[in-house]
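Below is one structure; the comments refer to it alone.
Numbering (the numbering used here), first residue to last: 13 to 383.
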């Protein structure tokens, strides 16, 4: 803009050219008088000369002092009646020649890869976490372990205890897999890097069960989003208390919450179906029934629907933890049939009992591990 202003100034005048181009005249004047280059600064009077700095470097690199710290060399020379420079100057001279580094062994953190997990049906990817429930007094907590299927949002198992423990985590994983009849090499269980999650005993158990373990990256808060969202649903319930009077009270509340969550809660992430409906294969039937209801509503009053017959809330075809930012994601998702057009994987329950009774794990006072 300055160059254009200078080009128009002889014809239109500087003021007019600046007004047309919205360029301040002061900017033009400043550009006409560029800032002069800074003057060369003289070397400090107290600085060593180039020859003196080279002498210091050669002395420190000599066979006598090559394995000594600069302060050790300084003290030795001082005892011999020789003063070259201060220890800090010795360090600066060595640093200018790239001869100063950390000599101690430093912890090298591995490059943690971003977990990228895809679920196209139930019992393919589970996530689990532990949340604290406030007890009756300050610093009193009860620990709620929750296992969650990321595709159906179904909770196949939960456990309440007064501590975090890898033994309790093993119990939860073992019984949840048994209740859901998980075959080897089918399931991936994702968790953060809490102590029970990364315990060696838990890793060995998963290997024995044929389950793949996955973990969040350190200090990355959104690598386990489904469990975190489920905990928010839990703690934002209207009947969730500020504190629980005892562990028995907390367990009693959880025993009412999880059946409601699995069998009655219409989850926005799965087309406002209940987690149990998606998990046990009833979603396609319910989707068709919703379509029929909306079709009849449209036929009765088409003038009320300006965009035509409304569709039911869509069901997810695939659920990701950290979808990859590449063409492979669209290729994988495109290859998956929408859940609304085909039966989701999993057994369709025809039992009149609530879905929560089919495979949902609740560990209570009769648990083999005393809580």
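Glycine included, every Cβ here is placed at the ideal spot set by N, Cα and C.
With contacts defined by Cβ atoms closer than 8 Å, residue 228 and residue 127 form a contacting pair. Here the alpha carbon of residue 135 sits roughly 15 Å from the alpha carbon of residue 333. Every alpha helix (DSSP H) stretch that sits fully inside the segment 62 to 91 and reaches 4 residues is listed by chain position as 62 to 72 and 82 to 91. Residue state for residue 139 is assigned as strand, using DSSP reduced to three classes. The distance from the Cβ of residue 164 to that of residue 291 is about 4 Å, consistent with a contact at the 8 Å cut-off. DSSP places residue 218 in the uninterrupted alpha helix (DSSP H) bounded by 212 to 221.
In the three-state reduction of the DSSP assignment, residue 102 falls in the helix class, which pools H, G and I. Where residue 94 is concerned, there is no enclosing alpha helix (DSSP H), because DSSP gives it neither an H nor an E. Buried is the label assigned to residue 194, since at least 16 other Cβ atoms lie within 10 Å of its Cβ. Residue burial is scored here from C-beta neighbours: residue 55 has fewer than 16 other C-beta atoms within 10 angstroms and is therefore classed as exposed. Looking at the DSSP output, residue 190 shares a beta bridge with no other residue. If you keep only unbroken beta strand (DSSP E) runs of at least 3 residues inside the segment 205 to 275, you get 224 to 227.
With fewer than 16 other CB atoms across the displayed protein chains lying within 10 angstroms of its CB, residue 222 is exposed. As far as DSSP is concerned, residue 126 takes part in no beta bridge. Going by DSSP, residue 310 is part of no beta strand (DSSP E) but of the alpha helix (DSSP H) stretching over 295 to 312. With 16 or more other Cβ atoms inside 10 Å of its own Cβ, residue 289 counts as buried. Annotation: residue 199 is outside any alpha helix (DSSP H) and is labelled neither H nor E by DSSP. DSSP, reduced to helix, strand and coil, places residue 284 outside both helices and strands of the structure shown, so it counts as coil. Counted as a single uninterrupted DSSP element, the beta strand (DSSP E) harbouring residue 160 occupies residues 153 to 161.
When 309, 208 and 192 are compared, the shortest CA-CA separation from residue 225 is found for 208. Note: residue 173 is bridge-paired with 155 in the DSSP secondary-structure output. Taking a contact as a CB-CB distance under 8 Å, the pair residue 139 and residue 202 counts as one, their CB atoms being some 4 Å apart. Per DSSP, the unbroken alpha helix (DSSP H) holding residue 40 starts and ends at 37 to 44. Taking the C-beta atoms as reference points, residue 166 is found nearer than 8 Å to residue 274. Annotation: residue 133 to residue 252 spans about 31 Å, alpha carbon to alpha carbon. When 235, 16, 237 and 256 are compared, the shortest CA-CA separation from residue 149 is found for 256. In terms of Cα proximity to residue 213, the closest of 234, 198 and 180 is 180. Between residue 276 and residue 286, the CB-CB gap stays under 8 Å. Listed as beta-bridge partners of residue 331 by DSSP are 131. Residue 146 is bridged by DSSP to 153.
Counting along the chain, the unbroken alpha helix (DSSP H) around residue 21 starts and ends at 14 to 24. Remark: three or more beta-carbon pairs, one from each stretch, lie closer than 8 Å, so the segment 58 to 72 and the segment 87 to 105 are flagged as touching.
Per the coordinates, the alpha-carbon of residue 129 lies some 7 Å from the alpha-carbon of residue 137. Residues of the same chain with a CB within less than 6 Å of the CB of residue 242, apart from the 5 flanking positions on each side, are 160 in chain order. Taken through DSSP and simplified to helix, strand or coil, residue 279 comes out as strand. Closest in C-alpha terms to residue 89, from the list 206, 72 and 182, comes 72.
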